[in-house]
Amino acid sequence: MKIGVFDSGFGGLTVLKEFLRYLPEYDYVYLGDNARTPYGTRSFETVYRYTLQCVKKLFELDCQLVILACNTASAKALRSIQQNDLEKIAPHRRVLGVIRPSVEALNKYTNSGNIGIFATPGTVASDSYVLEIAKLYPEINVFQQACPMWVPLVENNEHCGEGADYFVKLYINQLLMQNNEIDTLILGCTHYPLLINKIKKYLPKNIKVLSQGEIVAPSLKDYLKRHPEIETKLSKKSQRKFFTTDIPELFNEKAQIFLNNGIIPIAKQLKLD
Ligand code: DGL
């Protein structure tokens, strides 16, 4: 059986890329819901419905474990799927998100106890990071900044252009106006690692920037060590399969920008009922 990686579109490929680096031996199935992206501005109900539908497809594609690489889906759908649906649809399979592992890693980085989160409006509105951090590290102060223009910049391949500088500076300034003692920053959206060079350029040098793939991949490795009942079911033939709910040609072309590791994906179209 395989590891499924789900995202609303291309962004989850930045997470898959790190899985392939840390855990190359496993077989992966990537599903991007490109036909219905973006999720970041959609309602709770819609994100939950779309995500559940895609998780079921990944189970049909023989995935033992599905990682919701999308922060918005992790924020709005993960808990309901784990608590209400999994028992009915696939009690022996697992669905994990990216928010919890990102939060768990935080205490290794912050000294000031002030953390910044850059995320989509949907993730910010859900308060998932704030609630998760309050549970694990109640002493940490969290400051969130929604960055609605960053996903469209990346999707339109404008993340290296001058227009991106304006919006990177804008959201950094808005975050630092909330608190100027932030020393650690989570990029809480799959697309943002593609802006990391510009983010680092405009951010004060004392602030550490955490990209999720780098945190989530070691965390998955650790999870698999602790869960042999899941790990032993996983096939290890280093196969990678890609599915998109939109046109495969478009996916293949853009996916290379997100993967940036020489892999040329040949995606198949997956029709959702
Ligand atoms: N994948 C989404 C996330 O990480 C960003 C793109 C979207 O809005 O669908 O939140």
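Per my numbering, the sequence shown runs over residues 1 to 273. We put the beta carbon where it would ideally sit given N, CA and C, even for glycine.
Considering only heavy atoms of ligand 1, does any lie closer than 6 Å to the CB of residue i?
i: V151; result: yes
i: D7; result: yes
i: N34; result: no
i: C54; result: no
i: G11; result: yes
i: G116; result: no
i: P38; result: yes
i: N71; result: yes
i: C189; result: yes
i: T120; result: yes
Using the DSSP secondary-structure output, state which residues sit across from residue i in a beta bridge.
i: R94; result: L65
i: S211; result: L187
i: D143; result: The sequence shown places Phe at residue 143, not Asp. Partner(s): G116.
i: D7; result: G32
i: K268; result: F243
Pick out whichever of the options has its Cα sitting closest to the Cα of residue i.
i: N157; options: V168, A73, F258; result: F258
i: I186; options: Q64, N260, A105; result: A105
i: T14; options: L61, N71, K57, K88; result: N71
i: G32; options: I247, Y109, L175; result: I247
i: E155; options: K208, L194, T244, K169; result: L194
i: S80; options: G4, N114, E45; result: E45
i: Y26; options: S238, P265, N252, I140; result: S238
i: P91; options: A77, T120, F59, V103; result: F59
i: R94; options: K254, M1, K205, P265; result: M1
i: D183; options: A35, N206, I172, K200; result: N206
i: P138; options: V124, I115, H159; result: I115
i: S219; options: D7, E18, V209, F6; result: E18
i: K208; options: K221, F251, E181, E229; result: E181
i: T51; options: Y192, G188, A69, H227; result: A69
i: N34; options: L61, F243, T190; result: F243
i: N197; options: A217, L20, K169; result: K169
i: D165; options: N179, L175, W150; result: W150
i: H191; options: Y109, V130, Y39; result: Y39
i: L272; options: R36, G11, F10; result: R36
i: V55; options: A77, T41, R240, P204; result: A77
i: F10; options: E214, E132, Y30; result: Y30
Quick check on residue i: does DSSP put it in helix, strand or coil?
i: L194; result: helix
i: Q239; result: coil
i: F258; result: helix
i: K200; result: helix
i: G32; result: strand
i: A217; result: helix
i: D273; result: coil
i: T41; result: coil
i: T244; result: strand
i: L2; result: Going by the sequence as given, residue 2 is Lys instead of Leu. K2 falls in the strand class under three-state DSSP.
i: M177; result: helix
i: L106; result: helix
i: N111; result: coil
i: E158; result: coil
i: T14; result: helix
i: K233; result: coil
i: C70; result: coil
i: D165; result: helix
i: I263; result: coil
i: A75; result: helix
i: I81; result: helix
i: L23; result: coil
May I ask you to check if the CB of residue i is nearer than 6 Å to at least one heavy atom of ligand 3?
i: R240; result: Of the ligands one can find in the structure shown, namely ligand 1, none is ligand 3.
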